[in-house]
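Worksheet for the structure shown next.
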DNA sequence: AATATAACCGAACAGGTTGTTCAGTATATA
DNA sequence: TATATACTGAACAACCTGTTCGGTTATATT
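Protein chains in written order, with this note's numbering: chain V, 3 to 192; chain L, 3 to 192.
Put into structure tokens, the structure is as follows:
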């Protein structure tokens with residue numbers, strides 16, 4: 003890829019992320035982005051069809067990156083994912099996010115637009131669906147798969163969001179423990 | 003309140019809901035609203051500061067209505083909420099939503115804007131917080147309250163959303179059962 | 001180094017949206 | 001009937017969007 007293209011693209015992303023830390027997606031205008039990225043208006047539109055596509059591509063670059071790395075690790079250390087209990091997948095994800103803490107995860111915060119969480123869930127869903135084959139016979143008769151997947155994905159995602167909202171100050175292990183306890187208490191009160 | 007005001011307000015709400023069933027909140031313009039409501043532009047702005055305030059007031063009218071009714075019922079049939087297990091609160095909420103199915107709950111669907119879900123959660127949180135005093139001693143030492151409340155609210159809200167996405171075809175009892183099973187399986191896989 | 005290619009600039013543009021203003025008209029209330 | 005209040009309709013500036021185009025600059029190729 004042309005160095006100019008790459009630099010422009012990065013400048014746009016940087017300006018966009020910068021603005022996202024200050025205001026909502028809806029409140030950000032293309033004018034602000036190109037001013038901060040210091041590029042021409044036409045240039046922006048030659049890179050991204052609209053503001054929405056910019057967001058979409060940013061999320062893809064962000065989350066696909068994270069989840070792809072996880073898939074890679076799975077292939078390298080197969081035992082972690084296939085033999086251990088599924089909660090280690092969650093713990094693994096948390097550690098991954100902690101490692102990749104590039105000030106961009108803040109976008110998942112509840113203070114920001116819901117769109118990030120949606121994209122995040124989208125990717126998480128893929129991961130979960132591919133790993134929930136076990137216990138299928140027990141589950142399938144009583145519980146629709148889509149409900150089950152939605153439940154898992156939502157609880158995971160909301161936990162991650164809570165963590166980020168609290169500045170990721172707890173360790174991944176602590177969060178995993180919180181999650182376990184919350185589910186446990188849930189069974190008690192039901 | 004002046005009959006004119008009331009009628010205008012209702013016309014705006016009706017047009018707005020109508021449009022929301024067709025497109026996203028972001029895509030709806032004030033121009034479309036006033037055309038469909040058949041009122042003047044200035045009139046709209048004398049009622050609502052912006053489009054966002056319109057959404058806010060609609061949600062308040064909608065959800066406060068639902069949750070206030072629940073609080074009333076609680077006062078009338080005190081036993082349901084204070085003696086029974088907390089899951090009956092959830093079941094109660096589901097039955098309530100089913101009864102109040104005025105084609106407006108569709109707004110909670112994932113196809114629509116996330117803002118509704120946010121407002122819904124906001125109200126749900128109040129309800130949950132006021133009912134989660136039990137088991138406090140066991141919980142508080144190990145699990146932060148905000149995590150616990152967030153977990154409960156999110157799982158409830160996402161369950162309701164799944165239900166609505168599936169056209170509310172299952173009975174409230176079935177959904178409550180799904181919820182119970184999902185949490186149960188969750189403890190198994192952890 | 002010379003040339004062709006592709007990206008960028010920047011200024012301008014039409015079309016659409018927002019939120020405000022104001023003089024005039026209709027409706028409620030006393 | 002008289003007064004207050006809500007609505008009308010049209011116009012308005014300010015802003016945002018997405019496109020166009022001739023000219024400029026960087027990159028890749030030879």
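All C-beta atoms, glycine included, are put in the ideal place defined by N, C-alpha and C.
Distance CB(residue i)-CB(residue j) smaller than 8 Å
i: residue 30(L); j: residue 21(L); result: yes
i: residue 157(L); j: residue 157(V); result: yes
i: residue 26(V); j: residue 160(L); result: no
i: residue 149(L); j: residue 143(V); result: no
i: residue 62(V); j: residue 116(L); result: no
i: residue 177(L); j: residue 106(L); result: no
i: residue 108(V); j: residue 48(V); result: no
i: residue 162(L); j: residue 60(L); result: no
i: residue 65(L); j: residue 121(L); result: yes
i: residue 125(L); j: residue 69(L); result: yes
i: residue 127(L); j: residue 155(L); result: yes
i: residue 119(L); j: residue 72(L); result: no
i: residue 145(L); j: residue 180(V); result: yes
i: residue 141(L); j: residue 187(V); result: yes
Residue-chain proximity (residue i, chain V), Cβ-Cβ < 8 Å
i: residue 21(L); result: no
i: residue 116(L); result: yes
Any C-beta of chain L under 8 Å from that of residue i
i: residue 153(V); result: yes
i: residue 141(V); result: yes
i: residue 84(V); result: For residue 84(V), the pLDDT reaches just 44, beneath the cut-off of 50, and the residue's location in the model is therefore unreliable, although a value from the coordinates is still provided. No, residue 84(V) lies away from the interface with chain L (no Cβ there is under 8 Å from its Cβ).
i: residue 28(V); result: yes
i: residue 81(V); result: At residue 81(V) the pLDDT is 40, less than 50, meaning the model places this residue with poor confidence; the figure from the coordinates comes in the next sentence. Not one chain L Cβ lies under 8 Å of residue 81(V).
i: residue 98(V); result: no
Chain-ordered chain V contacts of residue i [CB-CB under 8 Å]
i: residue 156(L); result: 156, 157, 160
Under 9 Å by beta carbon: chain V residues contacting residue i
i: residue 189(L); result: 182, 185, 186, 188, 189
i: residue 13(L); result: Result: empty, since nearest Cβ-Cβ is about 26 Å, beyond 9 Å.
Close Cβ partners of residue i (< 7 Å) along its chain, the five nearest in sequence each way excluded
i: residue 167(V); result: 111, 112
i: residue 34(V); result: 21
i: residue 102(V); result: 68
i: residue 57(V); result: 27, 117
i: residue 97(L); result: 174
i: residue 170(V); result: 100, 103
Chain L contact residues for residue i, given Cβ-Cβ distances below 7 Å
i: residue 149(V); result: 164, 180, 184
i: residue 144(V); result: 183
Spatial neighbours of residue i in its chain, beta-carbon cut-off 8 Å, leaving aside the 5 residues before and after
i: residue 93(V); result: 174, 175, 178
i: residue 189(L); result: none
i: residue 86(L); result: Low per-residue confidence applies at residue 86(L): pLDDT is 47, beneath 50, and the placement is therefore not dependable, though the value from the model is reported in the following sentence. If we look at residue 86(L) and ignore the five residues flanking it on each side, it has no Cβ neighbours.
i: residue 54(L); result: none
i: residue 41(V); result: 10, 13, 14
i: residue 123(V); result: 155, 156, 159
i: residue 172(L); result: 165, 180
Own chain residues within Cβ distance below 6 Å of residue i, not counting five before or after
i: residue 81(V); result: Low confidence applies to residue 81(V): its pLDDT is 40, below 50, so where it sits in the model is not reliable, and the reading given next is rough at best. Taken in chain order, the list of residues that qualify is empty.
i: residue 1(V); result: Residue 1(V) cannot be examined here, being either before or after the span of chain V that is shown, 3 to 192.
i: residue 39(L); result: 13, 14, 17
i: residue 36(V); result: 43, 46
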